[in-house]
Amino acid sequence: MALLAARPARILIAALSGVLAVLVGTGVWIAAQARDEQGRAGDKQAALLAAGTHAKNLISLDYKTVDADVKRIIDSSTGAAKAEYEANAAKLKSTTVENKVVQHGVLRATGLASTAGAMAKVLVVADVEIRWDGSKSPPQERYYRWSMEVTKVAGVWLVSKVVQVT
Numbered sequence: 016m017a018l019l020a021a022r023p024a025r026i027l028i029a030a031l032s033g034v035l036a037v038l039v040g041t042g043v044w045i046a047a048q049a050r051d052e053q054g055r056a057g058d059k060q061a062a063l064l065a066a067g068t069h070a071k072n073l074i075s076l077d078y079k080t081v082d083a084d085v086k087r088i089i090d091s092s093t094g095a096a097k098a099e100y101e102a103n104a105a106k107l108k109s110t111t112v113e114n115k116v117v118q119h120g121v122l123r124a125t126g127l128a129s130t131a132g133a134m135a136k137v138l139v140v141a142d143v144e145i146r147w148d149g150s151k152s153p154p155q156e157r158y159y160r161w162s163m164e165v166t167k168v169a170g171v172w173l174v175s176k177v178v179q180v181t
């Protein structure tokens, strides 16, 4: 008789253990999904920040600090974009120094157009005022709109392609 009474208790314990296992498994799955979503949100913000920083680097040049300015442009890029900046660095430096160019840029907005794994496309809006020290020419304002591709390289988002849009 004692065996019969113990049997329902064992069944109940087994059933409760099964329910508990399902609940724990569901909790682990939900936590993993939340962690993945946080990672994606962090990547999106990092991609926007990388494109915005690169744009600011492109539009902020001063003939007195041109070496450091160009280095920032190169350091915030990768791939074909970096190769292009490196190839044109000497000319950019000499033109900036020769003409005593001072560019002060303002980042207006960035927006995420798309993401796919370790790549993102970011739209960037920035304005710049260009003046030439010692010149009587009035400053010029220019307005830039870019589509930038950013790529995650060794955990860091860098600009891999820049296309000016109208």
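FYI, the numbering for the sequence shown is 16 to 181, going by our numbering. Beta carbons: idealized from backbone N, C-alpha and C, even for Gly.
Buried/exposed call for residue i, threshold 16 Cβ in 10 Å
i	result
Gln-155	exposed
Thr-181	exposed
Tyr-158	exposed
Met-16	Reliability fails at Met-16, whose pLDDT of 49 lies under 50, so the model's placement of it is uncertain and the value that follows must be treated cautiously. Result: exposed.
Val-43	exposed
Leu-63	buried
Leu-35	exposed
Ala-105	exposed
Val-85	buried
Ala-96	buried
Beta-carbon proximity check, residue i vs residue j, cutoff 7 Å
i	j	result
Ala-66	Val-178	no
Trp-172	Ala-61	yes
Tyr-100	Ile-88	yes
Leu-138	Gly-120	no
Leu-122	Lys-71	yes
Asn-103	Trp-147	no
Ala-128	Lys-136	yes
Secondary structure of residue i, DSSP reduced to three states
i	result
Arg-40	Correcting the residue type first, residue 40 is Gly in the shown sequence and not Arg. Helix.
Gly-126	strand
Ser-32	helix
Asp-77	strand
Lys-151	coil
Ala-70	helix
Gly-57	helix
Ala-131	strand
Ala-141	strand
Terminal residues of the beta strand (DSSP E) in which residue i lies
i	result
Ser-109	Looking at the DSSP string, Ser-109 is not in any beta strand (DSSP E); the run it does join, the alpha helix (DSSP H), is 94-113.
Val-180	Per DSSP, Val-180 belongs to no beta strand (DSSP E) and is neither H nor E.
Nearest-angstrom Cβ-Cβ length linking residue i and residue j, presumed shorter than 8 Å
i	j	result
Thr-93	Val-168	5 Å
Lys-108	Val-81	5 Å
Val-174	Ser-91	6 Å
Leu-73	Thr-111	In fact, because the Cβ distance is near 13 Å, the residues do not count as touching under 8 Å.
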